[in-house]
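A short write-up of the structure that comes next.
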Amino acid sequence: MVEDVVKTLKVRIKKEVLTTRKKERLRRITGRDTRIIEKYVRIIHHNRRKICTKTKKGKIRVHRGKLDELTLTTSKVKEEERRTTVPHDLKKMFPYCSHNEFQECRDIAVQLYEQGYRPNNTRPPIKRARRQLINAKRFVLVHLPKEKNNTLTRWWVGIRDSLDTWRRNTPYHQKLWLPLEMSTFHQKELKKGRIKSLELRYKRSTREWWVYFQLKVLPSSFYPTEEKSSSSLPPAVLGIDLGINIPAAGVLLTPKKKLTNKEIKFWYTKQWNRVNHRYKLKLSRLQRKAALNDQSGKKHQIYRFLCLLRRRYKNVKRAYIHQFINDVVQMIETYAQVYNLFVVVGYPKNVRKDKGKGNSARKFRRKLHQWNFFLVLTLLRRALILRGFEPHRILTVEERGTSSHCTRCGRKVVRPVRGLVHCPSCDYTFHSDLTGAMNIARKFLGALFRPRGNTITNYLTGYRYSSTHFTVCLGLSHWL
Ligand SMILES: [Zn+2]
Numbered sequence: 001m002v003e004d005v006v007k008t009l010k011v012r013i014k015k016e017v018l019t020t021r022k023k024e025r026l027r028r029i030t031g032r033d034t035r036i037i038e039k040y041v042r043i044i045h046h047n048r049r050k051i052c053t054k055t056k057k058g059k060i061r062v063h064r065g066k067l068d069e070l071t072l073t074t075s076k077v078k079e080e081e082r083r084t085t086v087p088h089d090l091k092k093m094f095p096y097c098s099h100n101e102f103q104e105c106r107d108i109a110v111q112l113y114e115q116g117y118r119p120n121n122t123r124p125p126i127k128r129a130r131r132q133l134i135n136a137k138r139f140v141l142v143h144l145p146k147e148k149n150n151t152l153t154r155w156w157v158g159i160r161d162s163l164d165t166w167r168r169n170t171p172y173h174q175k176l177w178l179p180l181e182m183s184t185f186h187q188k189e190l191k192k193g194r195i196k197s198l199e200l201r202y203k204r205s206t207r208e209w210w211v212y213f214q215l216k217v218l219p220s221s222f223y224p225t226e227e228k229s230s231s232s233l234p235p236a237v238l239g240i241d242l243g244i245n246i247p248a249a250g251v252l253l254t255p256k257k258k259l260t261n262k263e264i265k266f267w268y269t270k271q272w273n274r275v276n277h278r279y280k281l282k283l284s285r286l287q288r289k290a291a292l293n294d295q296s297g298k299k300h301q302i303y304r305f306l307c308l309l310r311r312r313y314k315n316v317k318r319a320y321i322h323q324f325i326n327d328v329v330q331m332i333e334t335y336a337q338v339y340n341l342f343v344v345v346g347y348p349k350n351v352r353k354d355k356g357k358g359n360s361a362r363k364f365r366r367k368l369h370q371w372n373f374f375l376v377l378t379l380l381r382r383a384l385i386l387r388g389f390e391p392h393r394i395l396t397v398e399e400r401g402t403s404s405h406c407t408r409c410g411r412k413v414v415r416p417v418r419g420l421v422h423c424p425s426c427d428y429t430f431h432s433d434l435t436g437a438m439n440i441a442r443k444f445l446g447a448l449f450r451p452r453g454n455t456i457t458n459y460l461t462g463y464r465y466s467s468t469h470f471t472v473c474l475g476l477s478h479w480l
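Per the UniProt record's numbering, the sequence shown starts with residue 1, numbered consecutively.
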């Protein structure tokens, strides 16, 4: 599994360009939060018998709901279920603080208490003023380009102001815009991950405010390791099209611009179709028998036999799928010895969507809905990774439109006979499954030559890989 790596990025707020109002606001936000947290810690310590429990390992856990019952009248329950009085009414002590604010402070206080912080009469309150803003919903990071901005600052962070501003008798929250001192280093770091949360901190020694960004950094598999990229084999992309009648068809795109029999492969077993057909016939016959209103007392027997037959059919089916996967993997392994190989499989998303009752032939519909492409895809991926394939070498792309466009000119094709496609504009006829496979491989190459944000995404798993993984494939541009 991919682990999450969280990194912190510190950015200074440009204090020298802050207005007095903003400075005051910042001071109040950070200062007040410190006092609330301190208050919370004292309340927890005072009521520790009621709200704290000890785990088996001897750690202290604070019950947050019980703490809320002691401190907050406001809550998200209905009007009539509200508490009217609480022993320690924080809303009275800090009237301009909202419910969400209190809960954030509460979480920090609970964290501190569980880590061992205890209030002390001789010790001054928590030194470091800190404040946490969770989630991207509550702040925005804005980058203004040079032309649109007449101030020197180009990076701004807009924080939802936690102090209630009253307008027409209802509290609302303004955005507090803060200028940031963002260097090129910071910008590079920001690109490496996604911002999860943000924290405002005041440093007493320098009397300055800092923004701490919590970055979720992309996993290490996103970037290629150096030793693997120095392979001397020629690049190749194998496109695989999963189908119903023919389980899979593959086309290998190599640096040569020519397709021979070596580069085309069908995975197809006649035997399986026969076995499948026989089982289905037997099953349907038995089912019909069972549905009849038969009073002879043999019904029990029929059901038992039906159950047995279904189980056997399932096992046989599974054995055939594994056989099929084995065949595909073997072929891929032989290709991988000669080429620097990438495998791209089409994922037929929404293929069942419009094929409800009355939209196409009944037999075809039944086949379509029994087609287990997801199982085949995951099994194939797993088998390849178990044999030492790197995860970025087996990718999936969405299949939409791949088998209905010409491989030469990209225009729409017609199907004169089943299994063949014909392009009216360039007069080219080709096998329909091979068209699909080839277009799948070309779709991947197209995504590589026009990368969005320099990443290639595996459609099935959602994992993203840096396009630097695939730089060798740039030698296959003649297939586009
Ligand atoms: Zn054409």
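Even glycine gets a Cβ: it sits at the ideal position worked out from N, Cα and C.
- In this structure, serine 425 has its CB closer than 6 angstroms to one or more heavy atoms of ligand 1.
- Within the model, the alpha-carbon separation for tyrosine 428 versus leucine 253 is close to 19 angstroms.
- Cysteine 423 is classed as buried because its beta carbon has at least 16 other beta carbons within 10 Å across all chains shown.
- Of the residues assessed, glycine 58 falls on the exposed side of the cut-off, its CB having fewer than 16 other CB atoms within 10 angstroms.
- The C-beta of phenylalanine 213 has 16 or more other C-beta atoms within 10 Å across all chains shown, which makes the residue buried.
- Proximity of the region 364-375 to the region 436-447 falls short of the contact definition, fewer than three beta-carbon pairs being nearer than 8 angstroms.
- Secondary-structure assignment with DSSP links phenylalanine 342 through a beta bridge to Val237.
- Isoleucine 264 sits in a strand when the DSSP states are folded into three classes.
- By the criterion of at least three beta-carbon pairs nearer than 8 angstroms, the region 455-472 is in contact with the region 393-413.
- Less than 7 angstroms separates the beta-carbon of arginine 61 from that of threonine 53.
- Every unbroken stretch of the alpha helix (DSSP H) spanning 4 or more residues and falling wholly within the region 248-307 is given here in chain order: 270-291.
- Residue burial annotation: isoleucine 51 is buried, with at least 16 other C-beta atoms found within 10 angstroms of its C-beta.
- In this structure, cysteine 409 has its beta carbon less than 6 angstroms from a heavy atom of ligand 1.
- Across the set Val17, Trp479, Lys14, Val11, the C-alpha of Trp479 shows the shortest separation from the C-alpha of proline 255.
- Aspartate 354 is classed as exposed because its beta carbon has fewer than 16 other beta carbons within 10 Å across all chains shown.
- Distances between the C-beta of cysteine 406 and the heavy atoms of ligand 1 include at least one below 6 angstroms.
- Remark: C-beta atoms of tryptophan 156 and tryptophan 177 approach each other more closely than 7 angstroms.
- Per DSSP, isoleucine 246 lies in no alpha helix (DSSP H) segment and is marked neither H nor E.
- Of the other Cβ atoms in all chains shown, fewer than 16 fall within 10 Å of the Cβ of alanine 291; this residue is therefore exposed.
- In the three-state DSSP reduction, tyrosine 320 falls in the helix class (H, G or I).
- A direct Cα-Cα distance of roughly 51 angstroms separates lysine 66 from proline 348.
- By alpha-carbon distance to asparagine 120, the top candidate from Ile43, Phe102, Ser98 is Ile43.
- Annotation: the region 412-469 contains the following complete segments of the alpha helix (DSSP H) (minimum length 4 residues), in chain order: 432-449.
- Sixteen is the threshold: when 16 or more other Cβ atoms of the shown chains lie within 10 Å of the Cβ of methionine 438, as they do, the residue is buried.
- Taking every protein chain shown into account, the CB of glycine 462 has fewer than 16 other CB atoms within 10 angstroms, so this residue is exposed.
- Sequence-distant Cβ neighbours of histidine 322 in its own chain, meaning closer than 7 angstroms and more than five residues away, do not exist here.
- Only residues of its own chain outside the window of five on either side were considered, and among them Pro247, Ala248, Phe324, Asp327, Val328 have a CB closer than 7 angstroms to the CB of tryptophan 267, listed in chain order.
- According to DSSP, serine 232 shares a beta bridge with no other residue.
- Note on methionine 93: under 16 other CB atoms within 10 angstroms of its CB, so exposed under the neighbour-count rule.
- Distance from the C-beta of tyrosine 313 to the nearest heavy atom of ligand 1 is not below 6 angstroms.
- According to the DSSP assignment, arginine 201 belongs to the beta strand (DSSP E) that extends over 193-203.
- Burial is judged here by how many other beta carbons sit within 10 angstroms of a residue's own beta carbon; cysteine 307 has fewer than 16 and is exposed.
- By the Cβ test, the region 397-413 is not in contact with the region 355-363, since fewer than three Cβ pairs between them sit closer than 8 angstroms.
- Annotated as proximal: arginine 83 and threonine 73, with beta-carbon spacing under 7 angstroms.
- Cβ-Cβ separation between tyrosine 339 and proline 234: approximately 6 angstroms, consistent with a contact (criterion under 8 angstroms).
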